[in-house]
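Numbering (my numbering), first residue to last: 4 to 277.
Right, one structure below, let's go through it.
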Amino acid sequence: MMNVKLNNGIKMPIIGLGTFRSKDEDVYQAVLDAIEAGYRHIDTAMIYGNEAAIGKAIKDSKIPRKDLFITTKLWNSDQGYESAKAALELSLKNLDLEYVDLYLIHWFKGYELALDSYRAMEELYNEGKIKALGVSNFNVHHIMKLLENCTVKPTVNQVETHIALQNEFLQEYCESVGVKLEAYAPLMSQHISDLLSDETMNRLAKKYNKSVPQIAIKWLVTRGIIVIPKSIKKSRIIENFNIFDFELSSKDMADIKKLNRARKIFPEFDNVPF
Ligand code: NDP
4 MMNVKLNNGI
14 KMPIIGLGTF
24 RSKDEDVYQA
34 VLDAIEAGYR
44 HIDTAMIYGN
54 EAAIGKAIKD
64 SKIPRKDLFI
74 TTKLWNSDQG
84 YESAKAALEL
94 SLKNLDLEYV
104 DLYLIHWFKG
114 YELALDSYRA
124 MEELYNEGKI
134 KALGVSNFNV
144 HHIMKLLENC
154 TVKPTVNQVE
164 THIALQNEFL
174 QEYCESVGVK
184 LEAYAPLMSQ
194 HISDLLSDET
204 MNRLAKKYNK
214 SVPQIAIKWL
224 VTRGIIVIPK
234 SIKKSRIIEN
244 FNIFDFELSS
254 KDMADIKKLN
264 RARKIFPEFD
274 NVPF
């Protein structure tokens with residue numbers, strides 16, 4: 004398993020299990036299957052409502068806590084100084100953990116809320132309840148403002164990234180300020196059929212004797228992007244992790260680059276009424 008080194012020295016496994024829309028009854032087994040397959044990184048969020056089931060699977064896996072990397076996220080209605088502190092405490096209680104490895108502001112909902120939330124997160128970081136701080140769905144100007152006002156640098160920006168929305172410019176900016184890009188919806192989420200039917204991706208899958216999802220994940224990992232494919236099916240959980248035994252040529256990387264359509268599946272934060 005490959006790790007990415009964050010700007011505070013913490014190591015983050017480059018592949019994690021996504022759990023958005025994974026129900027309690029499915030996610031418990033999915034986490035156990037993922038850990039058995041070699042995953043050590045799980046991505047959840049307070050709003051997914053599945054932290055407790057994930058926490059139980061973590062306990063039951065018997066893997067030492069220090070060997071796991073757990074991310075959760077601060078939901079929009081919990082943003083603010085006091086409420087962010089309370090939300091992290093609740094997430095820790097749900098997960099039955101003493102700390103999370105990465106805590107993200109889930110969406111940008113205005114500068115004041117972001118900065119107040121982040122100030123609370125910095126204190127929780129200094130108390131050891133969070134090992135790395137980060138953001139999600141942040142654009143360049145949001146990160147610039149945060150960098151002007153923070154005492155602990157954000158380590159990660161988790162954003163929608165896949166073959167049709169490649170985020171080259173955002174990645175370049177983030178890396179220039181020491182922030183790692185993390186890809187959500189790497190398989191195009193509910194539009195996965197558009198990925199699975201893509202001609203270039205099918206040609207490459209055939210060439211490397213891999214599946215289209217494996218090519219999509221490998222392309223992100225090759226770009227140095229952290230990736231969190233979601234599945235509740237054991238065979239797919241194994242498949243999505245099995246990408247470390249081949250390399251994509253630079254010509255094939257360039258062919259995938261041509262598939263960018265700047266096509267966003269998830270709504271822009273400005274238009275989201277929550
Ligand atoms: P993904 O791009 O990971 O796609 C998930 C879909 O692909 C599911 O329908 C899954 O079905 C299917 N699938 C997974 N692997 C395979 C495979 N090998 N072959 C065929 N189908 C497959 O979408 P997500 O939206 O779930 O994004 C990944 C993760 O990113 C989330 O789970 C969440 O943790 C995070 N996220 C963060 C957001 C944010 O705002 N920060 C927003 C959205 C997601 P099945 O389960 O049946 O296998």
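Every residue, glycine too, gets a C-beta built ideally from N, C-alpha and C.
Helix, strand or coil for residue i? Go by DSSP, reduced to three states.
i: residue 102; result: coil
i: residue 135; result: strand
i: residue 184; result: strand
i: residue 201; result: coil
i: residue 27; result: helix
i: residue 213; result: coil
i: residue 5; result: coil
i: residue 69; result: helix
i: residue 1; result: For the chain, the structure presents residues 4 to 277; residue 1 sits outside this window and is missing.
i: residue 74; result: strand
i: residue 20; result: strand
i: residue 160; result: strand
i: residue 241; result: helix
i: residue 262; result: coil
i: residue 236; result: coil
i: residue 248; result: coil
i: residue 14; result: strand
i: residue 230; result: strand
Could you check the C-alpha separation between residue i and residue j for me, to the nearest Å?
i: residue 226; j: residue 269; result: 22 Å
i: residue 190; j: residue 220; result: 8 Å
i: residue 72; j: residue 266; result: 30 Å
i: residue 185; j: residue 162; result: 6 Å
i: residue 175; j: residue 181; result: 10 Å
i: residue 96; j: residue 253; result: 46 Å
i: residue 53; j: residue 187; result: 17 Å
i: residue 115; j: residue 124; result: 14 Å
i: residue 89; j: residue 113; result: 20 Å
i: residue 148; j: residue 8; result: 24 Å
i: residue 234; j: residue 82; result: 29 Å
i: residue 32; j: residue 11; result: 32 Å
i: residue 171; j: residue 209; result: 26 Å
i: residue 202; j: residue 127; result: 47 Å
i: residue 248; j: residue 136; result: 31 Å
i: residue 204; j: residue 42; result: 25 Å
i: residue 107; j: residue 138; result: 5 Å
i: residue 242; j: residue 223; result: 15 Å
i: residue 155; j: residue 200; result: 43 Å
Under 9 Å between the Cβ atoms of residue i and residue j?
i: residue 132; j: residue 178; result: no
i: residue 218; j: residue 251; result: yes
i: residue 157; j: residue 211; result: no
i: residue 129; j: residue 109; result: no
i: residue 145; j: residue 117; result: yes
i: residue 34; j: residue 50; result: no
i: residue 87; j: residue 98; result: no
i: residue 195; j: residue 262; result: no
i: residue 103; j: residue 93; result: no
i: residue 75; j: residue 19; result: no
i: residue 244; j: residue 37; result: yes
i: residue 229; j: residue 40; result: no
i: residue 142; j: residue 105; result: no
Is it buried or exposed for residue i, if we count other Cβ within 10 angstroms and need 16 for buried?
i: residue 65; result: exposed
i: residue 62; result: exposed
i: residue 67; result: exposed
i: residue 140; result: buried
i: residue 21; result: buried
i: residue 25; result: buried
i: residue 47; result: buried
i: residue 150; result: exposed
i: residue 183; result: buried
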